[in-house]
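First to last, the sequence lines map onto chains U and P. Each residue of the first sequence is one higher than the one before, counting from 6 in our numbering. Each residue of the second sequence is one higher than the one before, counting from 6 in our numbering.
There are 2 protein chains.
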Amino acid sequence: MQPFEFYNPTKIIFGKDTTSETGKEISSFAENVLFIYGKESIKRNGIYDKTVNSLKNAGVNFIEKSGVKPNPSINFVREAVDLYKKHNLDAIVAVGGGSVIDTAKAVATGVKVDFDPWLFYTGEKTVEDAAPIAVVLTLAATASEMNSGSVISNEETQQKFNCVSPLLFPKVSVLDPVNTFTVPYNQTANGAIDTIIHALETYLNSEDKNIMIVDSLIEAIVKTAIDSAEKIFKNPEDYDSRANMMWAATLALNGLTGSGAGPKIFPMHMIEHSLSAIYDIPHGVGLSIVGPAWMKYKVQNSPEKFAKLAKNVFQFHGPNTKAQALAAIAKLESWFKNEAKAPVRLSEVGIPESDLDKIAENAYEISCKWGLKEYTKEIIKEILEKAV
Amino acid sequence: MQPFEFYNPTKIIFGKDTTSETGKEISSFAENVLFIYGKESIKRNGIYDKTVNSLKNAGVNFIEKSGVKPNPSINFVREAVDLYKKHNLDAIVAVGGGSVIDTAKAVATGVKVDFDPWLFYTGEKTVEDAAPIAVVLTLAATASEMNSGSVISNEETQQKFNCVSPLLFPKVSVLDPVNTFTVPYNQTANGAIDTIIHALETYLNSEDKNIMIVDSLIEAIVKTAIDSAEKIFKNPEDYDSRANMMWAATLALNGLTGSGAGPKIFPMHMIEHSLSAIYDIPHGVGLSIVGPAWMKYKVQNSPEKFAKLAKNVFQFHGPNTKAQALAAIAKLESWFKNEAKAPVRLSEVGIPESDLDKIAENAYEISCKWGLKEYTKEIIKEILEKAV
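Structure below.
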């Protein structure tokens with residue numbers, strides 16, 4: 006087992022009708038907040054009203070800023086920072102999924118400095134202070150509700166970069182599975198894929214064979230994500246399945262899962278970030294395409310963990326390690342395609358083979374930023390070719 | 006899935022040779038600390054020197070207080086509180102297992118008040134402040150290194166009571182598996198049994214059948230504890246097995262495991278606390294006796310979870326639910342007896358059948374304190390009879 010540090014001070018409030026507790030929680034640390042959300046859909050499904058009532062009942066004043074998009078933009082962050090500063094607010098409440106929460110984190114850093122918060126994402130500046138954040142989660146996917154990372158896109162430069170700081174943990178996150186009842190099929194599927202890939206980045210990238218506690222926790226998350234998603238596809242208002250999915254998604258990337266497996270590297274996410282930076286496709290869709298392609302590259306020299314995945318998650322025993330390992334990839338790819346109904350090839354989202362160099366170039370910049378020496382431009386292109 | 010709140014701000018530093026980081030960590034919040042430990046064995050196995058050197062290197066001054074016993078005593082706590090106050094210290098470093106950490110927590114509350122800290126354990130007073138605690142763990146068992154509970158015994162009243170407060174989370178816990186290399190067979194076994202029972206209290210007491218993420222995480226912990234313990238019994242210096250056991254033990258009761266399963270009740274611990282309060286037997290030994298007895302009572306009306314345990318942990322499929330459920334209990338009891346070599350009957354530790362009323366009386370007091378209405382004196386005696 007490999008050394009690690011784990012620290013996660015986010016308070017989780019989980020359960021039906023917990024959205025009403027948001028205001029009371031916030032009132033313990035803030036009086037005037039910036040209320041950030043994405044589309045107007047939270048007004049149709051009642052989450053907006055539930056949040057607003059909760060804030061009002063607790064005497065928390067708020068200024069609204071809506072319009073966060075998937076692959077959230079640094080331009081939106083800059084506008085929100087200005088609004089926060091203008092009104093001299095004390096905290097941020099993010100009502101949404103990963104895009105909204107990641108935006109809130111970027112704003113939380115930006116309001117404490119006089120320079121452009123994008124510099125935290127390029128790595129030119131380090132976070133030294135941040136405003137407190139509360140979350141009302143509406144999508145089970147990114148685990149941003151319980152981690153210290155944020156990913157923001159810069160449309161001008163076609164860069165999708167991340168920032169990590171212990172100051173970015175939300176202070177409190179309200180996880181009410183009912184708030185995900187109206188999430189449509191494709192977004193539910195994208196969230197499940199994101200959860201599965203989060204868990205597997207650690208599992209498949211670790212060379213350590215003696216980490217039973219780590220691997221078995223990850224297998225539990227992958228099995229739960231698959232099982233819950235299938236039930237949700239049949240009945241979107243199945244509370245228990247939405248709940249299992251929501252908690253599995255949070256646990257998949259809250260820092261605990263994978264601790265002990267060695268350095269946490271994210272090569273599938275690295276290449277996906279380039280896809281969504283350039284083509285503005287949803288993160289889950291990008292992972293559904295990149296995931297199986299990367300696995301077909303990785304399995305060549307490291308089949309053992311894939312074979313273990315086949316056995317423990319898919320109850321599949323092949324005639325030998327290689328066959329068993331390949332079966333794990335085939336089963337995952339088939340699940341992405343046939344159950345999640347997500348694209349698994351670049352052509353399915355209109356990305357031509359002639360763009361591979363451009364994508365590899367973009368991803369290589371992230372590879373350098375993350376120190377993933379194995380992933381040269383050539384290797385990245387080799388992986389992308391498996392997704393053609 | 007049932008509603009829950011989760012909050013755990015303890016920082017974990019895990020890995021080989023991490024004991025040397027203790028002083029640096031403490032120096033960020035304290036200059037003068039009370040250094041609490043149990044027996045002189047930490048001087049023989051080098052943990053004492055490693056800790057002292059780390060404190061000295063970081064410029065942290067310390068006063069020593071040794072002699073914490075298993076089933077730690079409120080009298081020791083009172084003496085340590087006086088010492089802390091006399092020297093005007095700012096924090097406590099606990100080097101040991103659950104008894105030492107629980108003592109440190111009691112001292113941490115006592116130094117902030119002018120009354121007897123036992124009142125926090127009887128429930129007459131509520132914790133409103135506590136000194137910060139750092140831990141160097143030397144035994145994988147109780148998870149006190151990453152939770153907010155403390156259990157202390159009062160020899161005069163033969164009471165073993167607990168206190169829970171979010172102020173009791175250690176600030177930092179150093180988990181170096183090497184520090185458990187010298188833990189002898191029986192204590193390693195007791196720790197494994199404690200870990201298994203911690204995990205199963207939630208699993209077996211939940212009526213909720215739709216908590217796949219919760220149950221599968223618990224199954225991962227139980228499987229790991231069994232697998233790691235067997236390897237440690239053969240080779241006490243097997244680093245990876247000590248590491249898997251250590252992290253599994255911490256996860257078994259850090260508040261995360263079992264969240265979503267419903268109210269966390271601990272009937273096996275309730276009866277065990279009476280055994281160790283009256284007879285001063287090790288906690289793990291008490292659980293090894295009470296656990297199977299309680300399971301034989303519980304399975305009568307709720308065989309489903311036991312049957313699931315048999316299938317998912319022991320890969321056993323019986324001809325029907327009842328047979329499968331009973332097999333899980335038989336397999337656990339056999340493991341406690343034959344692998345862990347722990348007693349599974351009261352007579353094995355010299356407790357006569359004529360004492361059952363006295364034990365039931367004592368446990369009933371805890372039952373009332375914990376609000377476990379099902380557990381009347383008669384039911385507790387019925388359970389104890391299964392351990393005769």
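Glycine included, every Cβ here is placed at the ideal spot set by N, Cα and C.
- At least 8 Å separates the CB of Lys176/U from every CB of chain P.
- Judged by DSSP secondary structure, Lys29/P falls within the alpha helix (DSSP H) whose first and last residues are Thr27 to Ser32.
- If you draw a straight line from the Cα of Glu26/P to the Cα of Thr143/P, it is about 15 Å long.
- Closest in alpha carbon position to Ile138/U, among Glu30/U, Gly51/U and Lys382/U, is Glu30/U.
- A distance below 6 Å between beta-carbons, with the five flanking residues on each side excluded, links Phe67/P to the following residues of its chain, in chain order: Val38, Phe40 and Leu60.
- In chain U, no part has a C-beta under 7 Å from the C-beta of Lys239/P; the shortest such distance is about 14 Å.
- At a cut-off of 8 Å between C-beta atoms, Ala248/U counts as an interface residue with respect to chain P.
- When DSSP states are grouped into helix, strand and coil, Asn240/U belongs to the coil group.
- Inter-residue distance for Asp360/U and Val179/U is about 41 Å (C-alpha atoms, whole angstroms).
- Membership of Ala335/P in any beta strand (DSSP E) is not indicated; the residue belongs instead to the alpha helix (DSSP H) covering Thr326 to Ser339.
- Residues of the segment 220-240 of chain U that bring their beta carbon within less than 8 Å of a beta carbon in chain P comprise Ser221, Leu222, Glu224, Ala225, Ile226, Lys228, Thr229, Asp232 and Ser233, in sequence order.
- Residues of the segment 256-280 of chain U with a Cβ closer than 8 Å to any Cβ of chain P, in chain order: Leu256, Leu261, Ser264 and Gly265.
- In the structure shown, the three-state DSSP call for Leu180/U is strand.
- Positions of the alpha helix (DSSP H) runs, each at least 4 residues long and wholly inside the segment 15-77 of chain U, are given as 27-32, 46-49 and 52-62 in order along the chain.
- Straight-line measurement puts the Cα of Ile270/P at about 17 Å from the Cα of Pro297/P.
- For the C-beta of Ala328/U, not a single chain P residue is nearer than 7 Å; the gap to the nearest is close to 23 Å.
- Counting only residues of its own chain and dropping the five nearest sequence neighbours on each side, Met273/P has a CB closer than 7 Å to the CB of Ile202, Glu206, Leu292, Val295, Gly296 and Trp299.
- Beta-bridge analysis with DSSP links Cys168/U to Ser155/U.
- Residue ranges of uninterrupted beta strand (DSSP E) with 3 or more members are absent from the segment 259-298 of chain U; none lies entirely inside it.
- Under the DSSP assignment, Ile106/P falls in the alpha helix (DSSP H) whose first and last residues are Gly103 to Gly115.
- Along the segment 321-349 of chain P, there is no position whose C-beta sits under 8 Å from a C-beta of chain U.
- From the listed residues Asn195/P, Lys313/P, Leu173/P and Met151/P, the smallest Cα separation to Leu261/U is found for Met151/P.
- With respect to the 8 Å criterion, Val156/P and Val112/P are not classified as neighbours on the basis of their beta carbons.
- With a threshold of 8 Å between beta carbons, Lys313/P makes no contact with chain U.
- For the pair of segments examined, the segment 339-357 of chain U was found to touch the segment 234-244 of chain U: the number of CB pairs separated by less than 8 Å reaches three.
- The three-state secondary structure of Asn93/U, taken from DSSP, is coil.
- Distances from the CA of Lys303/U to each of Val177/U, Lys391/U, Ser158/U and Leu258/U were compared; the closest alpha carbon is that of Lys391/U.
- Of the candidates Val65/P, Phe186/P, Ser339/P and Ala254/P, the residue whose Cα lies closest to the Cα of Asn240/P is Phe186/P.
- Nearest Cα to Asn62/P within the set Pro75/P, Val118/P and Glu36/P: Glu36/P.
- Less than 8 Å separates the beta-carbon of Phe319/U from that of Lys336/U.
- Per DSSP, Ile364/U is not a residue of any beta strand (DSSP E); the alpha helix (DSSP H) it occupies stretches across Leu361 to Trp375.
- A contact is defined here as three or more CB-CB pairs under 8 Å, and the segment 43-50 of chain U fails this definition with respect to the segment 163-174 of chain U.
- Per DSSP, the unbroken alpha helix (DSSP H) holding Ala312/U starts and ends at Pro308 to Phe319.
- Each of Ala368/U, Ala99/U and Val140/U was checked against the Cα of Met275/U, and the nearest Cα belongs to Ala368/U.
- Excluding its 5 nearest sequence neighbours in each direction, Asn184/P has C-beta neighbours in its own chain below 6 Å: Ile52 and Thr143, listed in chain order.
- Listed in chain order, the beta strand (DSSP E) elements of length 3 or more contained wholly in the segment 174-236 of chain P are 177-180.
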